[in-house]
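What follows is a short report on a single structure.
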Amino acid sequence: MNDELSLNDPIAPTADPLIVPVVETEPDDAPELEAAPMIQAVGSLPWRFSCFVTGTDTEIGKTMISAAILHQLVAKGLRACGMKPVAAGAAMRDGELHNDDADLLRAAGNVHLPVNLTTPFMLRTPAAPHIAAAIDGVTIAPVPIIAAYAEIAAASDAVVVEGVGGFRVPLTDDFDTADLAAQLNLPVVLVVGMRLGCISHALLTVEAIIARNLVLAGWVANQIDPDMQYADENVAALAARIPAPLLGRVPFMDQPDHVRAASCIDLAALPGWPPAGD
Ligand SMILES: Nc1ncnc2c1ncn2[C@@H]1O[C@H](COP(=O)(O)OP(=O)(O)OP(=O)(O)O)[C@@H](O)[C@H]1O
Ligand SMILES: [Mg+2]
781 MNDELSLNDP IAPTADPLIV PVVETEPDDA PELEAAPMIQ AVGSLPWRFS CFVTGTDTEI
841 GKTMISAAIL HQLVAKGLRA CGMKPVAAGA AMRDGELHND DADLLRAAGN VHLPVNLTTP
901 FMLRTPAAPH IAAAIDGVTI APVPIIAAYA EIAAASDAVV VEGVGGFRVP LTDDFDTADL
961 AAQLNLPVVL VVGMRLGCIS HALLTVEAII ARNLVLAGWV ANQIDPDMQY ADENVAALAA
1021 RIPAPLLGRV PFMDQPDHVR AASCIDLAAL PGWPPAGD
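In the numbering used here, the protein residues as written are 781 to 1058.
This is the structure in structure tokens:
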């Protein structure tokens, strides 16, 4: 990982949200009235939270769970913004390129920034990103993504970054989504799409996350196959092997709904998650 590009310091969740800004103060005889607003401002400094949402595959519920996390953050009164750094499959509407994931994250959050920040690489072709980028004549690169992330973080209290497909999707010849997660250096939430075969996919993903020294902050069992046999046993097998908390089980929903999904997950175990009542 490139240390210069790491945003660990500016955005890492902190146990102490009340970082008192350094201010030039008058000598001790400064009028007391002037101190009061500063105390208020310090007391109201926002909590900070960020995470990177990855999954066992494409189409297994990353957007659903990212939107659910955003919903919980918004419900806590925080300024929450979703980011889909690379989206493949976009169509022009109202003079702007739109992608379903980007639109869903935007609707679930409450900080509305220009789409070139929340999705710096909006690709038209619905294909693997490096292929879609080649077709669009675009070269995906980490720096614009990291710069955009920094702007989003500066304008928000909480940022939820959704990955692309599984954990190791190529973005260029020598840069993939795991590298992106490592450069952003965010705690990772793993969404496991519960279907036959998910155990191996999940455990390989866990290995890849840990190999990059990333924090695996938790995982969600998302029931994408309504007919999966032995779902409970599969969840138990995963829980016994994944060294991170199970944040919740989201049932198969006939009418998929991130607000309902939000009611199925408990995010208190995530690093930097705002405490209850905040
Ligand atoms: N628990 C669920 N029950 C029913 N449908 C679900 C559930 N979770 C997700 N879905 C549906 O499955 C599809 C894929 O979900 P989603 O878009 O969240 O996946 P993804 O991992 O973000 O995919 P991508 O790799 O394309 O970003 C969507 O149509 C979504 O509504
Ligand atoms: Mg998605």
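Even for Gly, the Cβ is constructed at its ideal location relative to N, Cα and C.
Beyond the five residues adjoining it in sequence on each side, Q1003 comes within less than 8 Å, by CB distance, of M974, A1011, R1029, V1030, P1031, F1032 in the same chain, given in chain order.
If you look at N1002, you'll find it in the beta strand (DSSP E) that goes 996–1002.
DSSP, read as helix, strand or coil, puts D956 in strand. In the three-state reduction of the DSSP assignment, A1049 falls in the coil class, being assigned neither a helical nor a strand state.
Sorted by chain position, residues whose beta-carbon lies closer than 6 Å to a non-hydrogen atom of ligand 1 are G835, T838, E839, I840, G841, K842, T843, M844, D881, G945, N1002, Q1003, I1004, V1030, F1032, M1033, P1036. Comparing alpha-carbon positions, the option among A870, A982, E942, A1056 lying closest to A912 turns out to be A870. Taking C-beta separations shorter than 8 Å and ignoring five residues to either side along the sequence, the partners of T836 in its chain run G946, L970, V971, V972, G973, C978, H981, A982, T985, following chain order. For Y929, the closest C-alpha among the options R904, R948, D954, L960 is that of L960. Look at C978 here: in three-state DSSP terms it is helix. A1041: member of the alpha helix (DSSP H) spanning 1038–1042, first to last residue. Distance from the Cα of D1005 is smallest, within the candidate group S830, L1047, A997, I840, for I840. Bounds of the beta strand (DSSP E) holding H878 are 876–878. Taking C-beta atoms as the reference points, A868 and P924 fail to come closer than 9 Å. In the structure shown, P909 falls within a helical segment according to DSSP collapsed to helix, strand and coil.
Assigned with DSSP and collapsed to three states, P950 falls in strand. Under the 10 Å beta carbon count, D1007 is surrounded by fewer than 16 other beta carbons and is classified as exposed. Inclusion of L877 and M902 in the CB contact set at 9 Å is warranted, their separation being smaller than that value.
With fewer than 16 other CB atoms across the displayed protein chains lying within 10 angstroms of its CB, D874 is exposed.
When only Cα atoms are considered, N896 and D956 end up about 20 Å apart. By the beta-carbon neighbour count (other beta carbons within 10 angstroms, threshold 16), H892 is exposed.
With respect to the 9 Å criterion, S1043 and A938 are not classified as neighbours on the basis of their beta carbons. Ranked by Cα distance from A847, the options C861, K856, V1015, T838 are led by C861. In this model, T919 and L951 are separated by some 9 Å (Cα to Cα). Taken atom to atom, the span from the alpha-carbon of L1050 to that of I845 is near 14 Å. Nearest C-alpha to A1041 among M872, Q852, N1014: Q852. In this structure V1015 touches A1001 by the C-beta definition: roughly 5 Å separates them, less than 8 Å.
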